Amino acid sequence: MTAEQPPTVRTPLYRRTVFWLVMVIAVLVIALAVTAGVAFRSPGDTAPTAGTPAASDPPASTAEPTQEPTDPPATSTPSPTTRAVAIPGDCRNIYTKDWTPEMHGEVLNPAWSLEEQNANTGRAHDEQFATLLDATSEITCAWHGPYGGNDMMLRTDIARLTAEQFDGAVVHAQDLGWNCYEELGGTRCVTETAMTADGNNGYSYFFRDGIWISTRWTNLQPDGYTHDIVKALFGN
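In terms of our numbering, the sequence shown has 140 at position 146, counting the first letter as 1, and numbering is strictly consecutive.
This is the structure we're talking about:
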């Protein structure tokens, strides 16, 4: 006797239909989602293509570069010139007043002092100053005894120097150890010997604007003498 076969189980038709329907719906949903994503993507989300600058990159400037301002050409400034000072030709004009009352009987340029053999006696401190003064002095004004030399005298020479001579004279006075200092717009250098029973003597050199006021004195140095000459020549 043949055994009975179990009945074949068949999936109902409606279940297969539902399965395929679900699959179709799922595909449609996915397709719609993809389409919607593309449709709603903003233009800024588009990746830049080759040759197109990215949105975040600033546009290249097309303006011409600004040139740096240039300084105006330098102009030369003229160097200050030495003030021209007139040296008087008359000894009375190197002063602003008559100094006779303060000279203790000495007189200005007595005839005997103008003789050639006496003209250069004791006019400068050393050979270097004497040589320079002989070459540059334009006027000599000396106070002596009326009839001859005595234990008092005062002699002033006024010279005009070149810039080189001017600087060299000041340096030489400093090298000799003289007391040099600024005064009345110029440089004054002074020296004197120690006082003895015979008195003392000394030199006063004043330098300003190319002018050298050279004074030698022996037991005669009236107060304000050099200052008065400076005032007469320079006005102050």
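All C-beta atoms, glycine included, are put in the ideal place defined by N, C-alpha and C.
Please read all numbers here as calculations on a predicted model, not as lab measurements.
| Check | Outcome |
| --- | --- |
| Opening and closing residue of the beta strand (DSSP E) in which A157 lies | First-last for A157: 157 to 169, but that is the alpha helix (DSSP H), not the beta strand (DSSP E). |
| C-alpha gap between M189 and I205, whole angstroms | 30 angstroms |
| N103 (DSSP reduced to helix, strand or coil) | coil |
| For V79, the three-state DSSP class (helix, strand or coil) | coil |
| Candidates T90, I81, I19, G83, of which the one nearest H221 by Cα | T90 |
| Range covered by the alpha helix (DSSP H) that runs through D128 | 121 to 130 |
| Chain D within 8 angstroms of P216, Cβ atoms only | Here chain D cannot be found, since the structure has a single protein chain. |
| Residue range of the alpha helix (DSSP H) that includes I223 | 219 to 228 |
| Supposed close pair V101, D203 - CB separation, criterion 8 angstroms | Their Cβ separation, rounded to whole angstroms, is 31 angstroms, which puts V101 and D203 out of contact at 8 angstroms. |
| For T185, three-class secondary structure by DSSP | strand |
| Reduced DSSP secondary structure (H/G/I, E/B, other) of M17 | helix |
| The region 82 to 99 touching the region 210 to 225, judged by at least three CB pairs closer than 8 angstroms | yes |
| Backbone CA spacing between G180 and G162 [nearest angstrom] | 15 angstroms |
| DSSP three-state assignment for P47, whether helix, strand or coil | With a pLDDT of only 49 at P47, under 50, the local geometry of the prediction cannot be trusted, and no value is derived from it. |
| Within 8 angstroms, strictly: CB atoms of C135 and C183 | no |
| Alpha-carbon to alpha-carbon, G196 and M147 | 11 angstroms |
| Three-state secondary structure assigned by DSSP to L148 | strand |
| Span separating the alpha-carbon of P95 from that of P216 | 10 angstroms |
| Whole-angstrom distance between N194 and Q159, CA atom to CA atom | 29 angstroms |
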